[in-house]
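Chains L and R, in that order, give the protein sequences.
Residues 1376 to 1481 in this note's numbering are what the first sequence spells out, letter by letter.
Residues 3 to 118 in this note's numbering are what the second sequence spells out, letter by letter.
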Amino acid sequence: DIQMTQSPPVLSASVGDRVTLSCKASQNINKNLDWYQQKHGEAPKLLIYYTNNLQTGIPSRFSGSGSGTDYTLTISSLQPEDVATYYCYQYNSGWTFGGGTKLELK
Amino acid sequence: EVQLVESGGGLVQPGRSLKLSCVASGFTFSNYGMNWIRQAPGKGLEWVAYISSGSSYIYYAETVKGRFTISRDNAKNTLYLQMTSLRSEDTALYYCARGEPPFDYWGQGVMVTVSS
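This is the structure:
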């Protein structure tokens, strides 16, 4: 099974910061990766699909990149409403979520 | 507006069964693959099961294979998860989600607690 490792587990940042969240696969997942945002007490929301495609309605400050085993979610200018836990998800072989990165305000 | 509404959760003893439902509205249910995804209290997300639009393809996580059965009734716009031989580690909030992936719409979830 493919393992997905997200880092860091917890990230503290200030409003306006550029934030980078990492997701590493145990083997090549051929860009078959999505990113989800889950705010406290809410259902997850799709942010990015197939590595770098912004879901409709998601602010353009969110972007995704990567290839092979290494993938990144970037928030260009952190906003208070971005406080959430972020999960990556691979569907190249089996279907696996990463453990999540909890994003907090400093 | 797309809506997914789960029901059927509750407190159940280990070894017993429970059946979850997810009623869909606001889109043509029969055109989409559907999933169950769960989240144990304070933990991350775990994909549980997938069923294709016409029920031809069904996949399960290894942790539930042989115990859980996903099904759907396209005439009733409803997705199901039959859970048997429940264990304490099945305690979680169960979401239904639309997609092949990606999972573009999610319900609000239904809680299943397995405890004696």
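Cβ atoms here follow ideal geometry from the backbone N, Cα and C, with glycine treated the same way.
The structure presented is a predicted model; accordingly, all values stated were derived computationally and were not measured.
For Ser1438/L, the residue or residues it bridges with in DSSP: On the first sequence, position 63 is the one that residue 1438/L refers to. BP columns for Ser1438/L point to Thr1449/L.
Segment limits, beta strand (DSSP E) that includes Arg40/R: Position 38 of the second sequence, counted from the start, is the residue given in the question as residue 40/R. Arg40/R -> beta strand (DSSP E) spans 36-41.
Interface partners of Gly1475/L on chain R, CB under 8 Å: In the first sequence, residue 1475/L corresponds to position 100, counting from 1. What Gly1475/L touches in chain R: Gly46, Leu47.
Distance between beta carbons of Val114/R and Leu47/R, contact taken as under 8 Å: Here residue 47/R refers to the residue found at position 45 when the second sequence is read from its first residue. Here residue 114/R refers to the residue found at position 112 when the second sequence is read from its first residue. With a Cβ gap of about 15 Å, Leu47/R and Val114/R do not count as contacting.
Where Tyr34/R falls, given that 16 or more other Cβ within 10 Å makes a residue buried: Taking the first residue of the second sequence as position 1, residue 34/R is located at position 32. So Tyr34/R ends up on the buried side.
Bridge partner(s) assigned by DSSP for Phe105/R: Against the second sequence, residue 105/R aligns to sequence position 103. Beta-bridge pairing links Phe105/R to Gly101/R.
Proximity below 8 Å, CB of Ile1433/L to CB of Val1394/L: To locate residue 1433/L, count along the first sequence from 1; it is residue 58. To locate residue 1394/L, count along the first sequence from 1; it is residue 19. Going by C-beta atoms, Ile1433/L is not nearer than 8 Å to Val1394/L.
Status (buried if at least 16 other CB within 10 Å, exposed otherwise) for Val50/R: Here residue 50/R refers to the residue found at position 48 of the second sequence. Label assigned to Val50/R: buried.
Option in Glu1479/L, Leu1480/L, Phe1472/L, Thr1476/L with minimal Cα separation from Met1379/L: Mapped onto the first sequence, residue 1379/L falls at position 4. Comparing Cα positions, the closest option is Phe1472/L.
CB of Leu1480/L within 8 Å of CB of Tyr1461/L, strictly: For the purposes of this step, residue 1480/L is identified with residue 105 of the first sequence, where counting begins at 1. For the purposes of this step, residue 1461/L is identified with residue 86 of the first sequence, where counting begins at 1. Cβ atoms of Leu1480/L and Tyr1461/L: not closer than 8 Å.
Chain-ordered chain L contacts of Tyr96/R [CB-CB under 7 Å]: Residue mapping note: residue 96/R aligns to position 94 of the second sequence, counting from 1. Simply none; closest approach about 11 Å.
Val112/R beta carbon less than 8 Å from that of Gly11/R: For the purposes of this step, residue 11/R is taken as residue 9 along the second sequence, with counting starting at 1. For the purposes of this step, residue 112/R is taken as residue 110 along the second sequence, with counting starting at 1. Taking 8 Å as the Cβ cut-off, Gly11/R and Val112/R qualify as a contacting pair.
Strand pairing of Arg1393/L, partner residues [DSSP]: In the first sequence, the residue the question calls residue 1393/L occupies position 18. Its beta-bridge partners do not exist; DSSP assigns none.
8 Å Cβ shell around Glu93/R - same chain, five flanking residues per side excluded: Numbered from its first residue, the second sequence carries residue 93/R at position 91. According to the sequence provided, residue 93/R is Thr. The question's Glu does not apply to it. Taken in chain order, the residues that qualify are Ala42, Pro43, Val114, Thr115, Val116, Ser117.
Cβ neighbour criterion (16 or more within 10 Å) applied to Asn1403/L: In the first sequence, residue 1403/L corresponds to position 28, counting from 1. Answer is exposed; the Cβ neighbour count stays below 16.
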